[in-house]
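Residues in the sequence shown are numbered from 176 upward in steps of one, following the numbering used here. Using N, Cα and C, we set each Cβ at its ideal position, and we do this for glycine too. Quick caveat: nothing in here was measured; it's all calculated off a predicted structure.
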Amino acid sequence: MTRHLITSAIPYINGIKHLGNLIGSQLPADLFARYQRARGQEVMFLCATDEHGTPAELAAAKAGKPVAEYCAEMHAVQAEIARGFRLSFDHFGRSSSPQNHALTQHFAGRLAEAGLIKEVSEKQVYSHADGRFLPDRYIEGTCPNCGYDRARGDQCENCTKQLDPTDLIEPRSAISGSTDLEVRETKHLYLRQSDMRDKLNDWIDSKGDWPILTTSIAKKWLNDGDGLQDRGITRDLDWGIPVKKGDQDWPGMEGKVFYVWFDAPIEYIACSAEWAEANGKPEAEWERWWRTDKGADDVRYTQFMGKDNVPFHTLSFPATILGSGEPWKLVDYIKSFNYLNYDGGQFSTSQGRGVFMDQALAILPSDYWRWWLLSHAPESSDSEFTWENFQASVNKDLADVLGNFVSRVTKFCRSKFGEEVPAGGTWGPQEQAVIADLTARLHAYEGHMEAIEVRKAAQELRAIWVTGNEYLQEAAPWSTFKTDPDQAAAQIRLALNLIRFYAVISSPFIPDASEQLMQAMQSDDTAWPEDVTAALESLGAGHAFTVPDVTFRKIADEERAEWQEKFAGTRD
Ligand SMILES: [Zn+2]
Numbered sequence: 176m177t178r179h180l181i182t183s184a185i186p187y188i189n190g191i192k193h194l195g196n197l198i199g200s201q202l203p204a205d206l207f208a209r210y211q212r213a214r215g216q217e218v219m220f221l222c223a224t225d226e227h228g229t230p231a232e233l234a235a236a237k238a239g240k241p242v243a244e245y246c247a248e249m250h251a252v253q254a255e256i257a258r259g260f261r262l263s264f265d266h267f268g269r270s271s272s273p274q275n276h277a278l279t280q281h282f283a284g285r286l287a288e289a290g291l292i293k294e295v296s297e298k299q300v301y302s303h304a305d306g307r308f309l310p311d312r313y314i315e316g317t318c319p320n321c322g323y324d325r326a327r328g329d330q331c332e333n334c335t336k337q338l339d340p341t342d343l344i345e346p347r348s349a350i351s352g353s354t355d356l357e358v359r360e361t362k363h364l365y366l367r368q369s370d371m372r373d374k375l376n377d378w379i380d381s382k383g384d385w386p387i388l389t390t391s392i393a394k395k396w397l398n399d400g401d402g403l404q405d406r407g408i409t410r411d412l413d414w415g416i417p418v419k420k421g422d423q424d425w426p427g428m429e430g431k432v433f434y435v436w437f438d439a440p441i442e443y444i445a446c447s448a449e450w451a452e453a454n455g456k457p458e459a460e461w462e463r464w465w466r467t468d469k470g471a472d473d474v475r476y477t478q479f480m481g482k483d484n485v486p487f488h489t490l491s492f493p494a495t496i497l498g499s500g501e502p503w504k505l506v507d508y509i510k511s512f513n514y515l516n517y518d519g520g521q522f523s524t525s526q527g528r529g530v531f532m533d534q535a536l537a538i539l540p541s542d543y544w545r546w547w548l549l550s551h552a553p554e555s556s557d558s559e560f561t562w563e564n565f566q567a568s569v570n571k572d573l574a575d576v577l578g579n580f581v582s583r584v585t586k587f588c589r590s591k592f593g594e595e596v597p598a599g600g601t602w603g604p605q606e607q608a609v610i611a612d613l614t615a616r617l618h619a620y621e622g623h624m625e626a627i628e629v630r631k632a633a634q635e636l637r638a639i640w641v642t643g644n645e646y647l648q649e650a651a652p653w654s655t656f657k658t659d660p661d662q663a664a665a666q667i668r669l670a671l672n673l674i675r676f677y678a679v680i681s682s683p684f685i686p687d688a689s690e691q692l693m694q695a696m697q698s699d700d701t702a703w704p705e706d707v708t709a710a711l712e713s714l715g716a717g718h719a720f721t722v723p724d725v726t727f728r729k730i731a732d733e734e735r736a737e738w739q740e741k742f743a744g745t746r747d
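In C-alpha cells:
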C-alpha cells in the first residue's frame, strides 16, 4: 500500500474563483484523491486559503472590515463552495493559522542558521496618507514613455514598458490617490536561492518522470539570464506572519512580516497540523506524512497547480525545505495545468467574465461541471470553455450515454420482472465478450488515473459507458423477452449490475450521481472491481432496487443561449 499525500495549490482569499481556477488545481487533485481512496490507499488531501499580502488588506478595506474578520468570512465562503463541488479535502486550512505562523518562523530560523538569509537595504515608496509602504503595483502615475496617465509602478499597461515607481511622473497612491509620497530606505531579508541552484538543479534532474510542462518551466527559471535570483521574504505590512527567527525576535526586523510567497507553501505542512488539531490527534499523526525521520518514507507526495505556480513549487518552496537541513518530505510528482479560456477570450476576475464557482452551482449540480471540466482539462495545451461544447458534452455523455442506460434498464426491468434483479438464464458468448472488453478498458482507465492523465481517463470512462449501451442495443432484451424471457432476465441482470459497476468506477468524476445510483441499486458494495465478472455478479437474483429519478437532464438550447449572454461580462 502506498500512502498518498496530495495538495492543491492554495487559492487566494479575496473573492470567489472561476472555473478556470477550479480545473487548474483543486478539481483534478480531488479526482486523484478520490481515485486513490477508492483503490483502498491511505490518502491525506490538503488545501487551504492563502490569506496574507496587500490584496487581502485592500479587499478588507473596501469591504469596510478588519482584515482578520474579512479573511475568516471569505474562508467560510470558499469552504462552502468547495463542499458544493464535493472537493473531498481531509482539511481545508488557512495560511493565517497559528500552526503556519510557528512553522514559517521555524523555517526562517533554520535558513538563517544555515547562512541562507541575507539582509538587504532597499528604497521603497512610503505613503503618509495611507500610513504604509506601497508595493510597486499600488503606485500610479504618468508613463515617461507613452504618457499614459494610469501607469503602474511596476509596468505601464498601455505600452508594456517595465517601470520602477521612481520613473513615474506625478506618482500617487493607487489606494488613496494621495501624492504625499516619500522614498524611504527599508531593510528586508532575502532568501539566497542562487546559492541553492546546483542542489535544485540536481534534484530536478532526478525527476525524469515529471511532465515536460513542469520541468521546462523550472529549468527556465533556474538557467535563463542570470539564473535563479535571490528573493525578498519580508515586507513592511501589518497583516502577515511577524518576522521571527524560530520563537526568537529578529533584531532590526521589528514590525515586519514575511512575504506571502514565503509563508503560503509552508501552509501545506501547517495544514496537516491544523488537521491533527481539528481531529484531536497527536502531532505524530501529521508528522508521519511530512517527516521522513518520522514515518513519511513510504509517502508519495503529489502536487497539483496551474503553470503560473510551477516556479514557486519547483524552486522556491524546495529551496526552503532543502535549505532547512531537516528531513522534510519533498514533492515526488508535480501535475501542472495550462489555462482554461472562456468563450473566445479569457476568464477575467476583474471584468467578471466567465463562470464563477458560486454561479456555476446556482445553475446546475456540481457533477455536470466536474464532468465537463475534467474531460476537457487543459493538460497538453490551453483549452476553451464554450457553451455549445458544454451543452453537447452534458447532453451526449451524461444524459444520452450514462443517464439513458440507467433509465432504460431499470424501467424495462420494473415493467417486465418487477423491482428486483431477475433470476433465470445464463450468460453466453455475447456477455463474455462484453466482460472481456470491459476488463481491457478498465485496466486502461486505471492506468490513466494512476498516471494522472485526466482527459484520457475521462475518454476511457466514457468508452466504458458506451460499451454498456452497445451491449444493450445488441442484446435487445425487449425483443428477447418475447421469445425467451429467461435469456432476457440474464441480459437485464448483467445490465443492472453494470449500473453498480459504473457507479463505483465513475465516483471520482461524478460522486453525486454515483451515490444516487448506489442508492437506487440499494447496494453498499463500493469495492473497486478487481475482477469484472465477479463485480457483475454483485447484485444477485432477488436483490431489490428502485428506478432512480433522472440522473442527468439535458440542457435546452434556450438555457444555453441565456447563460451565454448572462456570463459574457461584468459580474454584479
Ligand atoms: Zn507607457
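Taking all protein chains shown into account, decide if proline 203 is buried (16 or more other Cβ within 10 angstroms of its Cβ) or exposed. buried
Does the beta carbon of asparagine 333 fall short of 7 angstroms from some heavy atom of ligand 1? yes
In whole angstroms, what separates the C-alpha of glutamate 288 from that of serine 353? 42 angstroms
Taking the DSSP output, what are the residues bridged to glutamine 662? According to DSSP, which records beta bridges pairwise, glutamine 662 is partnered with nothing at all.
Starting from the C-beta of lysine 419, find all residues in its chain whose C-beta is less than 6 angstroms away, skip the five residues before and the five after it, and write them out in chain order. Gln280, Trp425
Could you check whether the Cβ of alanine 349 sits closer than 7 angstroms to any heavy atom belonging to ligand 1? no
Express the C-alpha separation of histidine 303 and aspartate 342 in angstroms, rounding to a whole number. 20 angstroms
In or out: isoleucine 181 buried (at least 16 other Cβ within 10 Å) or exposed? buried
Which word fits aspartate 747, buried or exposed, when buried means at least 16 other C-beta atoms lie within 10 angstroms of its C-beta? Because the pLDDT of aspartate 747 is 48, which lies under 50, any placement of that residue in the model is unreliable, and the number read from its coordinates should be weighed accordingly. Classification of aspartate 747: exposed, given that the 10 Å Cβ count is below 16.
Which of the three DSSP states, helix, strand or coil, is assigned to leucine 548? helix
Per DSSP, what kind of secondary structure is histidine 303 in: helix, strand or coil? coil
Run of the beta strand (DSSP E) containing proline 346, from where it starts to where it stops: 344-348
Going by alpha carbons, who is nearest to glycine 407 out of Gln423, Val435, Ala688, Lys382? Val435
Simplified DSSP state of threonine 409, which is helix, strand or coil: strand
Cβ shell of alanine 543 (< 6 angstroms), same chain only, five flanking positions each side left out: It is worth fixing the name first, because residue 543 is tyrosine in this sequence and not alanine. For tyrosine 543, where only same-chain residues beyond five positions count, the Cβ hits under 6 angstroms are Val569.
Those runs of the alpha helix (DSSP H) which lie wholly inside the stretch 485-538 and span at least 4 residues: 492-499, 532-538
Drop a sphere of 10 angstroms on the beta-carbon of glutamate 360, count the other beta-carbons inside from all chains shown, and report buried for 16 or more, exposed for fewer. exposed
Nearest-angstrom beta carbon gap, phenylalanine 512 and alanine 459 [assumed within contact, 8 angstroms]: That belief does not hold up - the Cβ atoms of alanine 459 and phenylalanine 512 are roughly 34 angstroms apart, past 8 angstroms.
As a quick exercise: from Leu403, Leu536, Ala283, pick the residue whose alpha carbon is nearest that of isoleucine 441. Ala283
Rounding to the nearest angstrom, what Cα-Cα distance links arginine 410 and glutamate 429 in this structure? 11 angstroms
Just the C-alpha distance for threonine 726 and phenylalanine 531, rounded to the nearest angstrom, thanks. 24 angstroms
Provide the residue span of the alpha helix (DSSP H) that contains glutamate 248, from first to last. 242-259
Around the Cβ of glycine 215, are there at least 16 other Cβ atoms within 10 angstroms (buried) or fewer (exposed)? exposed
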